[in-house]
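Residue numbers (this note's numbering), protein chains in the order written: chain A, 14 to 320; chain B, 14 to 320. The beta-carbon is built from N, C-alpha and C at its ideal position, and this holds for glycine as well. On a predicted model such as this, the values are computed, not experimentally measured, just so you know. Here is the structure we will look at.
There are 2 protein chains.
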Amino acid sequence: MAHVAPATRDRVIEAAARLGWAPHFAASRLASGQTHTIGLVAPYFDIWYTSQILAGVESVLSAAGLDLVIYSVDTPGNRQKFLDRVPSLQTRIDGLVLVDFFPDPIQVAQIEESKVRLVALGEHLDRHPSIAIDNYEAGRKATQHLIDLGHTKIGIVGTEQMSVDASPVLAARIDGFKAALASAGIEHRREYSLPGMLSVNDGPRSIIALRDLDDPPTGLFYLSDETAIGAMGEARRQGISIPQDLSIVGFDDHDIAEAMRLTTMCQPVRYLGSLGAERMLEASVVGPLHETVPVELVARGSATTLR
Amino acid sequence: MAHVAPATRDRVIEAAARLGWAPHFAASRLASGQTHTIGLVAPYFDIWYTSQILAGVESVLSAAGLDLVIYSVDTPGNRQKFLDRVPSLQTRIDGLVLVDFFPDPIQVAQIEESKVRLVALGEHLDRHPSIAIDNYEAGRKATQHLIDLGHTKIGIVGTEQMSVDASPVLAARIDGFKAALASAGIEHRREYSLPGMLSVNDGPRSIIALRDLDDPPTGLFYLSDETAIGAMGEARRQGISIPQDLSIVGFDDHDIAEAMRLTTMCQPVRYLGSLGAERMLEASVVGPLHETVPVELVARGSATTLR
DNA sequence: CTGAAAGCGCTTACAG
DNA sequence: CTGAAAGCGCTTACAG
Chain A
14 MAHVAPATRD
24 RVIEAAARLG
34 WAPHFAASRL
44 ASGQTHTIGL
54 VAPYFDIWYT
64 SQILAGVESV
74 LSAAGLDLVI
84 YSVDTPGNRQ
94 KFLDRVPSLQ
104 TRIDGLVLVD
114 FFPDPIQVAQ
124 IEESKVRLVA
134 LGEHLDRHPS
144 IAIDNYEAGR
154 KATQHLIDLG
164 HTKIGIVGTE
174 QMSVDASPVL
184 AARIDGFKAA
194 LASAGIEHRR
204 EYSLPGMLSV
214 NDGPRSIIAL
224 RDLDDPPTGL
234 FYLSDETAIG
244 AMGEARRQGI
254 SIPQDLSIVG
264 FDDHDIAEAM
274 RLTTMCQPVR
284 YLGSLGAERM
294 LEASVVGPLH
304 ETVPVELVAR
314 GSATTLR
Chain B
14 MAHVAPATRD
24 RVIEAAARLG
34 WAPHFAASRL
44 ASGQTHTIGL
54 VAPYFDIWYT
64 SQILAGVESV
74 LSAAGLDLVI
84 YSVDTPGNRQ
94 KFLDRVPSLQ
104 TRIDGLVLVD
114 FFPDPIQVAQ
124 IEESKVRLVA
134 LGEHLDRHPS
144 IAIDNYEAGR
154 KATQHLIDLG
164 HTKIGIVGTE
174 QMSVDASPVL
184 AARIDGFKAA
194 LASAGIEHRR
204 EYSLPGMLSV
214 NDGPRSIIAL
224 RDLDDPPTGL
234 FYLSDETAIG
244 AMGEARRQGI
254 SIPQDLSIVG
264 FDDHDIAEAM
274 RLTTMCQPVR
284 YLGSLGAERM
294 LEASVVGPLH
304 ETVPVELVAR
314 GSATTLR
């Protein structure tokens, strides 16, 4: 404590060292009411996006001496179950980082009844610090890139995921996609929403589905790089050349996108994580409550002008 | 508790529900001495290997109602610092999962003084449950695959990582590599240890380094798929065809390996994680203390017969 | 089977 | 500036 005489302090420190004393966490937490740990909820931990967020959050929190406990919550059903646990979580964590976790206003109120600090990553949230990209604009720009290259028959892959996690993030990207088409006077055809979720293993299905179309698209917008990369593998197997036969644009700028020459919408994922952790550490919000981090189209080789 | 009358139990449960009561974690932990949380230490959380381990561990622990707290410890220096914290950790976690964390016997003794349960993943550890692949054998087989294809000029990439994390895992793979060469009567040339660590971004360096060799290798064994994938991108940029000009074999069977047609040594990473978590849950070890999970060479298109 | 007491190891006023 | 007391909210014997 602040007002202890130096001599006394030294004696205490020396004795503690000699006895190998270490503070008992549970005891200090019970007495102080502080847990010194932050929770992080995310749908999956085995995908690239989450691993980058996690690394960003972890580096900032550990530097600040805080612990990180992780919760995996993958379906809307699990989401409600998790929220029901929040009252008991308030005695275990000081704050909660929401990663692609989309509570409705009632659910937010439920969390607010507990005293855990809240920071949302990936989507904006009322009354709490949140950091996200502009998914609408990102989806629009990615699609516009294909339009600028002369494509008019443009498909989209990854929309199936919507039915699983009801993600407003994906909804915004899809809206951006549609807006780009509309403003170019292109009609969005239903059959150009190709099957596929957001994993590598799901990529091939989008390419296989092309065979069933009489008038297949010449350009595809993938809502995730991992799906696009899986698709590139399948395209090669089928003898479909990218970008000669098919232009594709991904989303994320995955570590591997460059090696694959994948044109993609880059979002600064790790930075999202570290910034989120910093907002968590701030006692009160100084800047704007909602921050939008920039995205940028990285043109590599997978999308080219329509011949 | 077991011997409470049903009527009383119901009244208590009803009252708790009515009052919105939830147990206070710190209090119950202080009183019981149990933390109901497991720690996981790993060098990096932003690589594929760790993300798969984490997902495997998390799924088993959360099903068992345990919390997971993660610690990132990347250098040998940090490793000692982390170990020095272990005495204080014993009041915060019941067990510790070591991922690619290689304590020497003295350090193990240090952990054993605390009462945390220990499970090691990736390398075997005396006196504690541990699960690993046979890295020597895996390295040998991967190299033998290239030898069987007729290659005699065989290089290796990823050995630089050794100087950073002094990994016995990599050391064993490298020993297996050398053993395969030796038993085929092939001398290992120093200049065939090409620069590169274990990340995607480090892959290109191995390909660039080939230019400086008068008599370059025709086959390369990459100690990680991520490095191999980065290298494949660089090879394409340089007009080096894989496998026509250069055969490569990776290690891991990364999600993306199939899309890249990468021949690789598959290790069941996620299973390693879930099995490790199960061992952590067991009150005492029933089976053998050390388990070795199988690996398998997956031949895709990136390595072919020498012409 | 029930209820009340003691104790887990800290932190936080508080008296001196 | 120091020391002792009370209290955090549980769990664990223990008496009845």
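Check: Go to TYR149 (chain B), then tell me how far its alpha helix (DSSP H) extends in each direction, as first and last residue.; Outcome: 148 to 161
Check: What is the DSSP secondary structure of SER260 (chain B), reduced to helix, strand or coil?; Outcome: strand
Check: If the criterion is Cβ atoms closer than 8 Å, does the pair VAL182 (chain A) and VAL112 (chain A) meet it?; Outcome: no
Check: Quick check: what's the CA-CA separation for THR165 (chain B) versus ARG249 (chain A)?; Outcome: 30 Å
Check: Starting from the beta carbon of PHE58 (chain A), find every residue of chain B whose beta carbon is closer than 8 Å, and list them in chain order.; Outcome: SER64, LEU67, ALA68 and GLU71
Check: Please report whether the beta-carbon of LEU310 (chain B) lies at a distance below 8 Å from any beta-carbon of chain A.; Outcome: no
Check: What would DSSP say about PRO130 (chain B), mapped onto helix, strand or coil?; Outcome: What sits at residue 130 (chain B) in the sequence shown is Arg, not Pro. In this structure, ARG130 (chain B) counts as strand in the three-state DSSP scheme.
Check: Name, please, each residue of chain A whose Cβ falls closer than 8 Å to the Cβ of PHE95 (chain B).; Outcome: By Cβ distance, chain A contributes nothing, its closest Cβ being about 10 Å from PHE95 (chain B), past 8 Å.
Check: Grouping DSSP H, G and I as helix and E and B as strand, with all else coil, what is PHE114 (chain A)?; Outcome: coil
Check: What do you get for GLU71 (chain A), buried or exposed, if any count of 16 or more other CB atoms within 10 angstroms of its CB means buried?; Outcome: buried
Check: Between the C-alpha atoms of LEU131 (chain A) and ASN91 (chain A), what's the straight-line distance to the nearest angstrom?; Outcome: 19 Å
Check: On the DSSP bridge assignment, give the partners of ILE183 (chain B) in chain order.; Outcome: One detail in the question is off: residue 183 (chain B) reads as Leu in this sequence, not Ile. Beta-bridge pairing links LEU183 (chain B) to no other residue.
Check: For GLY232 (chain B), which of helix, strand or coil comes out of DSSP?; Outcome: strand
Check: For MET245 (chain A), which three-state DSSP category applies?; Outcome: helix
Check: Going along chain A in order, which residues have a C-beta closer than 7 Å to the C-beta of GLU271 (chain B)?; Outcome: GLY246
Check: Using 8 Å as the threshold, is the C-beta distance between PHE293 (chain A) and VAL110 (chain A) below it?; Outcome: Reading the sequence as shown, one finds Met at residue 293 (chain A) and not Phe. Yes.
Check: Have a look at A:ASP268, A:VAL299, A:ASP225 and A:ASN214 and flag the residue whose alpha-carbon is nearest the alpha-carbon of SER143 (chain A).; Outcome: A:VAL299
Check: Please state the DSSP three-state secondary structure of VAL177 (chain B).; Outcome: helix
Check: Starting from the N-terminal side, write out each stretch of the alpha helix (DSSP H) that is 4 residues or longer and does not extend beyond the segment 71 to 113 of chain B.; Outcome: 89 to 102
Check: So that I know if they touch, is there some Cβ in chain B lying closer than 8 Å to that of ILE261 (chain A)?; Outcome: no
Check: Against chain B, with Cβ distances strictly below 8 Å, would ILE26 (chain A) count as a contact?; Outcome: no
Check: Pop quiz: GLY243 (chain A) and VAL262 (chain A) are said to be a contact at Cβ under 8 Å. What is the actual Cβ separation, rounded to whole angstroms?; Outcome: Going by Cβ atoms, the distance from GLY243 (chain A) to VAL262 (chain A) rounds to 15 Å, so no, they are not a contact pair.
Check: Where GLY52 (chain B) and PHE38 (chain A) are concerned, what is the direct C-alpha to C-alpha distance, given to the nearest angstrom?; Outcome: 14 Å
Check: Select from A:PRO307, A:PRO301 and A:GLY246 the residue whose C-alpha is nearest the C-alpha of ASP265 (chain A).; Outcome: A:PRO307
Check: Name the chain A residues that come within less than 7 Å of VAL213 (chain B), Cβ to Cβ?; Outcome: ASP268, ILE269 and ALA272
Check: Let me see if you follow: with CB-CB separation under 8 Å, is PRO229 (chain A) close to chain B or not?; Outcome: no
Check: I want to verify the contact list: residues of chain B whose CB lies under 8 Å from the CB of THR50 (chain A), in sequence order.; Outcome: VAL82
Check: Use the C-beta contact count for ILE119 (chain B): other C-beta atoms within 10 angstroms, 16 or more gives buried, fewer gives exposed.; Outcome: exposed
Check: For LEU207 (chain A), which residues of its own chain have a beta-carbon under 6 Å away from its beta-carbon, when the five flanking residues on both sides are left out?; Outcome: GLY168, VAL170, SER219 and ALA222
Check: Nearest CA to the CA of PRO56 (chain B): which residue from B:ASP80, B:LEU74, B:ALA30 and B:GLN93?; Outcome: B:GLN93
Check: Would you list the one or two residues that DSSP bridges to HIS303 (chain B)?; Outcome: B:SER143
Check: For HIS37 (chain B), which residues in chain A fall below 8 Å Cβ to Cβ?; Outcome: LEU43 and THR104
Check: Tell me the residue span of the beta strand (DSSP E) that contains THR277 (chain B).; Outcome: 276 to 279
Check: Give me the chain B residues within the contact set of PRO142 (chain A), using Cβ-Cβ distance strictly less than 7 Å, ordered along the chain.; Outcome: In chain order: nothing, as chain B lies at least about 22 Å away.
Check: What residues match up with SER206 (chain A) in a beta bridge as DSSP calls it?; Outcome: A:ILE169
Check: How close, in whole Å, do the beta carbons of THR50 (chain B) and LEU81 (chain B) come, if the pair is a contact with beta carbons under 8 Å?; Outcome: 7 Å
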